[in-house]
Amino acid sequence: MNYSIKNICCIGAGYVGGPTMAMMAYKCPNLIFNVVDINKERVAAWNAKDLSKLPIFEPGLKEIIASSRNKNLFFSSEIKEAIKSADVVFISVNTPTKTKGVGAGKSSDLKWVEACAREVAKYSKGHTIVVEKSTLPVRTAEVIQKILNSPKTNFNGEKISFSVLSNPEFLAEGTAINDLENPDRVLIGGEDQKAMFKLAEIYKAWVPEDKILFTNIWSSELAKLTSNAFLAQRISSINSISAICEVTGADIREVSRAIGKDSRIGSKFLDSGPGFGGSCFKKDILNLVYLAEYFGLKEVAKFWEEVVNINTWNQSRIAKIVVKKLFGTISDKKIVILGFAFKANTNDTRESAAIKICRDLIEEGAELVIHDPKVSQIQIENDLKIKPLSNDYDKNSDSRDNNIGSWRFSNSLDIFENANAVLVLTEWQEYKDIPWDLIAKQMIKPAWLFDSRSIVDYKLVKKTDLNFWRLGDGSQEEQKEKY
Ligand code: UDX
Ligand code: UDX
10 MNYSIKNICC IGAGYVGGPT MAMMAYKCPN LIFNVVDINK ERVAAWNAKD LSKLPIFEPG
70 LKEIIASSRN KNLFFSSEIK EAIKSADVVF ISVNTPTKTK GVGAGKSSDL KWVEACAREV
130 AKYSKGHTIV VEKSTLPVRT AEVIQKILNS PKTNFNGEKI SFSVLSNPEF LAEGTAINDL
190 ENPDRVLIGG EDQKAMFKLA EIYKAWVPED KILFTNIWSS ELAKLTSNAF LAQRISSINS
250 ISAICEVTGA DIREVSRAIG KDSRIGSKFL DSGPGFGGSC FKKDILNLVY LAEYFGLKEV
310 AKFWEEVVNI NTWNQSRIAK IVVKKLFGTI SDKKIVILGF AFKANTNDTR ESAAIKICRD
370 LIEEGAELVI HDPKVSQIQI ENDLKIKPLS NDYDKNSDSR DNNIGSWRFS NSLDIFENAN
430 AVLVLTEWQE YKDIPWDLIA KQMIKPAWLF DSRSIVDYKL VKKTDLNFWR LGDGSQEEQK
490 EKY
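In the working numbering, the protein residues as written are 10 to 492.
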């Protein structure tokens with residue numbers, strides 16, 4: 010069997026597939042990378058001449074795309090052709106939570122993964138290494154293997170064979186390029202050792218050997234889910250303690266610092282915030298919950314499900330606090346929302362806490378002005394499922410239902426005039442530098458500043474007449490109302 014690797018195909022040019030293949034192409038100039046996607050608009054954006062139009066915003070991505078694109082890195086929708094020439098096929102398509110049928114609301118919908126496996130079975134030639142890059146439920150490799158092995162020959166009647174490997178990606182958005190360049194570990198799970206070593210050779214171009222781990226395929230799949238579940242669990246844990254801080258006079262920043270000094274606990278992932286978002290945490294925990302339920306491990310399922318429940322509770326808690334502080338009503342009050350992405354340095358809004366929080370505030374009658382440096386108005390509209398007001402909207406001719414609020418978008422920060430409150434939801438650098446002493450003068454008093462990310466310079470805010478609330482801060486001094 011021929012295991013030599015020259016041509017690589019990746020199906021799925023998303024937040025995972027795009028940057029991962031770009032890094033591999035950059036580090037392995039002798040290999041050819043064909044990244045294919047059924048979404049033609051997305052492919053066109055990956056091929057955009059103007060690199061600021063790439064479909065994904067990720068610091069450092071532009072530079073590596075510029076150095077490899079159309080040399081040994083190609084984006085297209087030519088899926089069949091890419092599979093035909095591939096020695097390795099990465100599957101990096103999305104695996105959303107099922108909305109109907111068995112496991113609805115918890116298990117992942119594998120229809121795209123299955124569809125990819127069928128395409129690979131049909132068009133591949135000779136021996137192909139098929140790699141699960143998407144995060145998948147445990148034992149998905151078995152499904153892929155069965156689909157691949159059922160035909161035995163390709164569309165042309167030629168003999169084919171496969172090695173299925175699991176190689177989950179651990180990159181976090183916003184730091185993807187650094188995470189890909191300096192990974193904590195590369196995990197390769199499988200049974201075919203020769204194929205595993207061949208895949209490892211690609212990574213060895215830049216990853217030290219001792220960081221490449223080999224496991225059995227099920228451990229690899231489960232390790233990825235567990236890794237995300239542990240990280241999400243830390244956030245729910247710290248957010249639950251944050252609520253205790255607020256009522257006891259403790260300060261979550263001090264508590265985090267103190268526990269983070271314990272080397273057994275470590276200092277990372279202890280920032281209390283509006284609740285975790287992103288495409289993975291919730292989906293992966295729900296997968297784990299489904300797996301545990303399926304095997305009759307009810308208590309285990311309940312334990313992990315609570316991590317998601319605390320997160321949802323935390324998001325709704327923030328909207329409620331805003332309403333309470335603004336005298337129990339926010340109807341017709343202007344509230345500036347700073348940040349809509351689920352974290353800084355990405356344009357991704359999937360599962361962003363901002364979606365639920367903004368919807369809750371609009372439902373309470375608020376007039377939101379939403380700013381984000383990288384998220385577009387159309388994306389926010391898709392997420393909120395509420396049409397925005399245009400920026401030249403005339404309030405006097407408004408015929409909307411008076412009980413429900415509104416939102417409009419701004420890509421400038423000149424939005425604080427006559428605002429009753431500001432709510433910080435994403436930790437963008439530019440929000441850290443806002444001159445609150447000047448902004449305070451533009452707002453309607455009593456004015457509130459709510460900081461759910463602990464990024465506001467509160468020493469500066471203290472010098473103003475703004476009322477200030479920040480998540481997890483129960484210390485009397487900062488929480489004292491000035492009116
Ligand atoms: C997704 C999952 O969210 C994550 O859990 C998994 O680890 C990897 O896949 P991401 O890259 O962020 O991560 O998803 P997304 O940005 O939605 O990209 C998936 C791409 O696959 C899309 O561009 C979609 O058009 C493409 N796709 C989907 C195909 O090309 N073919 C298909 O059959 C289905
Ligand atoms: C995560 C995992 O980190 C990554 O390994 C995996 O491959 C994909 O899922 P991602 O979702 O891109 O990555 O971002 P991450 O940095 O983990 O943040 C997830 C969410 O948790 C964000 O909403 C972030 O704001 C929040 N978070 C993170 C906190 O609220 N507090 C923290 O201390 C850290």
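C-beta: ideal position from N, C-alpha, C; glycine also. All of these numbers come straight from a predicted model, not from anything done at the bench.
C-beta contact flag for residue i and residue j at 8 Å
{"i": "N427", "j": "I453", "result": "yes"}
{"i": "E218", "j": "S175", "result": "no"}
{"i": "N163", "j": "Y132", "result": "yes"}
{"i": "W322", "j": "C367", "result": "no"}
{"i": "A375", "j": "I344", "result": "yes"}
{"i": "C19", "j": "M30", "result": "yes"}
{"i": "A91", "j": "N165", "result": "no"}
{"i": "T355", "j": "F349", "result": "no"}
{"i": "L422", "j": "W445", "result": "no"}
{"i": "G183", "j": "K352", "result": "yes"}
{"i": "F418", "j": "I379", "result": "yes"}
{"i": "E50", "j": "I88", "result": "no"}
{"i": "P192", "j": "L434", "result": "no"}
{"i": "K365", "j": "S325", "result": "yes"}
{"i": "I14", "j": "V97", "result": "yes"}
{"i": "V45", "j": "S86", "result": "yes"}
{"i": "V316", "j": "K115", "result": "no"}
{"i": "N11", "j": "G135", "result": "yes"}
{"i": "W457", "j": "K334", "result": "yes"}
{"i": "W55", "j": "A22", "result": "yes"}
{"i": "G483", "j": "A259", "result": "yes"}
{"i": "P28", "j": "A185", "result": "yes"}
{"i": "A130", "j": "I100", "result": "no"}
{"i": "S281", "j": "L480", "result": "yes"}
{"i": "V332", "j": "E373", "result": "yes"}
{"i": "A209", "j": "I226", "result": "no"}
Residue i burial status per 10 Å Cβ neighbour count (16 or more: buried)
{"i": "F239", "result": "exposed"}
{"i": "Q242", "result": "buried"}
{"i": "I274", "result": "exposed"}
{"i": "A75", "result": "exposed"}
{"i": "V256", "result": "exposed"}
{"i": "T338", "result": "exposed"}
{"i": "M33", "result": "buried"}
{"i": "P68", "result": "exposed"}
{"i": "I261", "result": "buried"}
{"i": "F477", "result": "buried"}
{"i": "I247", "result": "buried"}
{"i": "N429", "result": "buried"}
{"i": "S265", "result": "buried"}
{"i": "R194", "result": "exposed"}
{"i": "V111", "result": "exposed"}
{"i": "F290", "result": "buried"}
{"i": "I253", "result": "exposed"}
{"i": "S272", "result": "exposed"}
{"i": "E167", "result": "exposed"}
{"i": "K450", "result": "exposed"}
{"i": "F84", "result": "buried"}
Contact with chain C by residue i, beta-carbon distance below 8 Å
{"i": "S281", "result": "Absence of chain C from the displayed structure is noted, only one protein chain being present."}
Integer-rounded CB distance, given that residue j should sit under 8 Å from residue i
{"i": "A328", "j": "I346", "result": "Actually they do not touch by this definition, with Cβ atoms about 11 Å apart."}
{"i": "G286", "j": "S361", "result": "4 Å"}
{"i": "S249", "j": "I319", "result": "6 Å"}
{"i": "A214", "j": "S172", "result": "The pair is not a contact, with the Cβ atoms about 20 Å apart (cut-off 8 Å)."}
{"i": "Q386", "j": "P397", "result": "6 Å"}
{"i": "I169", "j": "A126", "result": "Actually they are not in contact, since the Cβ atoms of I169 and A126 sit about 13 Å apart, beyond 8 Å."}
{"i": "L3", "j": "N296", "result": "Examination of residue 3 is not possible in this model, given that the chain is present from 10 through 492 alone."}
beta-carbon residue i near ligand 3 non-hydrogen atom, thresh 7 Å
{"i": "F336", "result": "Of the ligands one can find in the structure shown, namely ligand 1 and ligand 2, none is ligand 3."}
**OP:** Counting only runs of 4+ residues fully inside the segment 228-306, write out the alpha helix (DSSP H) ranges in chain order.
**Re:** 261-269, 290-303
Original post:
Can you list the alpha helix (DSSP H) stretches of 4 or more residues lying completely in the segment 410-470, in chain order?
Top reply: 438-441, 445-451
Original post:
Which ranges does the alpha helix (DSSP H) cover as unbroken runs of at least 4 residues, wholly within the segment 73-144, from first to last along the chain?
Top reply: 88-93, 120-132
Original post:
With contact counted as at least three CB pairs below 8 Å, one residue from each stretch, are the segment 131-149 and the segment 103-122 in contact?
Top reply: yes
Subject >> Meets three-Cβ-pair contact criterion under 8 Å: the segment 104-114 and the segment 57-69 >> reply: no
Original post:
Do three or more CB pairs link the segment 456-468 to the segment 435-442 at distances below 8 Å?
Top reply: yes
Subject >> Given 8 Å, three or more beta-carbon pairs between the segment 194-208 and the segment 132-143 >> reply: yes
Original post:
Which ranges would you report for the alpha helix (DSSP H) in the segment 167-235 if only whole runs of at least 4 residues count?
Top reply: 185-190, 202-213
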